[in-house]
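Peer 1: In the numbering used here, the protein residues as written are 25 to 381.
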């Protein structure tokens, strides 16, 4: 994530999710078209201006779930959603108390995802551009009042996943209590809402970038294995495995990655986004010595060629420091994973796919 600041005084930091500057209280919003977090002045009619350019808020801003802004000349009555929100196909029922707040969590994670993908210049087709373009479905199959512990009897089960560009996220993943319960039940070290988005979009990019390319597909098989292996059989075998079986660790970034080549790719792709986004944040906020960035060019940088060896070496150094900081605060490690040589080779392949566009 880039560093953003208000111009009101002393370079006041703004966070990507802000809707106003907490110092001068002017409205703040994210504009995809300019790739900027902007601060706005209001005229007497309550219209939003930035440097004499008129903007209109995303229709979901009034729902308190989005901070998106659209240049007025690009907004129409039929196109009143920001770039991130326009990918939505299904949202949770707002008639249910508690859904709106969880929907806001989903939208915040999705905006961060879209930001990172845009910075990496990855294609972001929607359903109007392609039948297999991106769309998002945020659905519930449990009772929000008890943190989704009780299933709803009148709806089908909702499985977080991806199919033909459609990414479904169970609303329970946006509930901290429910998500923690699932993480413990499944013996996972790490389970976040943003992580789900990054994992599922990895499946989308396998379909979009790797599968149609014979050369990339052949190289994929060298690193990840045969994608035509039975997914159903692999899934059953994975959930029958003893959670104490750690034989996967030398070759995979997580236990789930060891289930099937598709999941290995999606997990590795998600970690690539974790790494590139967090390294950018650390650099923008000057969190580690500039000497440690000597020669490092991130894949989202506009110029120069990004060296994957430098990228992942820098990440290993930073992740150790992040974990040390977290332990000083008495919280879990920020990055509880080990990047073995084989995992690094898989990450290098993801890097090749991303920067080779």
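Positions of the beta carbon are idealized from the N, C-alpha and C atoms, including for glycine.
1. Short of 7 Å in beta carbon distance, which residues of its chain neighbour residue 215, apart from the five on each side in sequence? Order them along the chain.
2. So the candidates are 301, 83, 261; which of them puts its Cα closest to the Cα of residue 103?
3. For the alpha helix (DSSP H) containing residue 219, list its first residue and its last residue.
4. Within 10 angstroms of the Cβ of residue 178, are there 16 or more other Cβ atoms? Answer buried if so, exposed if not.
5. With H, G and I counted as helix, E and B as strand and the rest as coil, what does DSSP make of residue 74?
6. CB residue 230 to CB residue 289, shorter than 8 Å?
7. Specify the secondary structure class of residue 142 as computed by DSSP and reduced to three states.
8. Near residue 234, what residues of its chain come up, given a Cβ to Cβ distance below 8 Å and the 5 sequence neighbours on each side ignored?
9. For residue 95 versus residue 65, is the C-beta spacing smaller than 8 Å?
10. Can you tell me where the beta strand (DSSP E) holding residue 61 begins and where it ends?
11. Could you give the DSSP three-state label for residue 291: helix, strand or coil?
12. What residue range does the beta strand (DSSP E) around residue 93 cover?
13. May I have the straight-line CA-CA distance separating residue 193 from residue 137, to the nearest angstrom?
14. Below 8 Å between beta carbons: does that hold for residue 123 and residue 164?
15. Between residue 114 and residue 162, is the Cβ-Cβ spacing less than 8 Å?
16. Specify whether the segment 361-378 and the segment 275-285 touch according to this definition: at least 3 beta carbon pairs, one from each stretch, less than 8 Å apart.
17. Within the continuous alpha helix (DSSP H) that includes residue 261, where are the two ends?
18. Specify, as a first and last residue, the run of the alpha helix (DSSP H) that residue 343 falls within.
19. With a threshold of 8 Å, are at least 3 pairs of Cβ atoms found where one atom belongs to the segment 246-266 and the other to the segment 321-336?
20. Residue range of the alpha helix (DSSP H) that residue 161 falls in?
21. Could you tell me how far apart the beta carbons of residue 185 and residue 224 are, in whole angstroms, since I believe they sit closer than 8 Å?
22. Check each candidate in 146, 306, 342 and name the one with the smallest Cα separation from residue 26.
23. So what's residue 365 in DSSP terms, helix, strand or just coil?
24. Run the CB neighbour count on residue 353, radius 10 Å, all protein chains shown included, and call it buried at 16 or more, exposed below.
25. Spell out the partners DSSP gives residue 296 in its beta bridges.
26. Give the DSSP-derived three-state secondary structure of residue 196 in the structure shown.
27. Would the beta-carbon of residue 143 fall within 8 Å of that of residue 90?
28. Is it buried or exposed for residue 342, if we count other Cβ within 10 angstroms and need 16 for buried?
29. For residue 299, which residues from the same chain have a beta carbon less than 8 Å from its beta carbon, with the 5 sequence-adjacent residues on both sides left out?
30. Can you name, in chain order, every residue of its own chain whose Cβ lies under 7 Å from the Cβ of residue 366, other than the five neighbours on each side?
31. Helix, strand or coil for residue 237? Go by DSSP, reduced to three states.
32. In this structure, what does DSSP give as the bridge partners for residue 80?
33. Tell me which residues share the same chain as residue 92 and place their Cβ nearer than 8 Å to its Cβ, disregarding the 5 neighbours each side in the sequence.
34. Let me confirm a value: residue 70 is counted as buried when at least 16 other C-beta atoms fall within 10 Å, else exposed. Which label applies?
Peer 2: On the basis of the data shown:
1. So the list reads 203, 206, 207, once near-sequence residues are dropped.
2. The candidate whose alpha carbon is nearest that of residue 103 is 83.
3. First-last of the alpha helix (DSSP H) with residue 219: 217-229.
4. Under this definition residue 178 is an exposed residue.
5. If DSSP states are grouped into helix, strand and coil, residue 74 belongs with the strands.
6. Yes, the Cβ-Cβ distance between residue 230 and residue 289 is below 8 Å.
7. Three-state result, residue 142: helix.
8. So the qualifying residues of the chain are 240, 241, 244, 289, 377.
9. At a Cβ-Cβ threshold of 8 Å, residue 95 and residue 65 do not count as neighbours.
10. Per DSSP, residue 61 belongs to the beta strand (DSSP E) from 60-63.
11. Helix at residue 291.
12. Counting along the chain, the beta strand (DSSP E) containing residue 93 begins and ends at 93-95.
13. Residue 193 and residue 137: Cα-Cα distance of roughly 14 Å.
14. Result yes, Cβ atoms of residue 123 and residue 164 sit closer than 8 Å.
15. Contact: yes.
16. Enough Cβ pairs lie closer than 8 Å, so yes.
17. 255-264 is the span of the alpha helix (DSSP H), which, as asked, contains residue 261.
18. Its alpha helix (DSSP H) spans residues 332-352.
19. Segments in contact, no.
20. Not the alpha helix (DSSP H): residue 161 falls in the beta strand (DSSP E), residues 159-163.
21. With a contact defined as Cβ atoms closer than 8 Å, residue 185 and residue 224 qualify at about 7 Å.
22. Among 146, 306, 342, the Cα nearest to that of residue 26 is on 306.
23. In this structure, residue 365 counts as helix in the three-state DSSP scheme.
24. When all chains shown are included, residue 353 counts as exposed.
25. Its beta-bridge partners do not exist; DSSP assigns none.
26. Shown here, residue 196 sits in a helix according to DSSP, grouped into three states.
27. No; because the gap between Cβ atoms is not below 8 Å, this pair is not in contact.
28. By the neighbour-count rule (16 or more Cβ atoms within 10 Å), residue 342 is buried.
29. Answer for residue 299: 335, 336, 339, 371, listed in chain order.
30. Residues of the same chain with a CB within less than 7 Å of the CB of residue 366, apart from the 5 flanking positions on each side, are 274, 275 in chain order.
31. In the structure shown, residue 237 sits in coil (DSSP, three-state: anything other than H, G, I, E or B).
32. In the DSSP output, where bridge partners are listed per residue, residue 80 has 94.
33. Excluding residues within five positions, the ones whose Cβ falls inside 8 Å are 53, 54, 55, 56, 81, 82, 84, 85, 105, 106, 107, 108, 109, 135.
34. Exposed, because fewer than 16 other Cβ atoms sit within 10 Å of the Cβ of residue 70.
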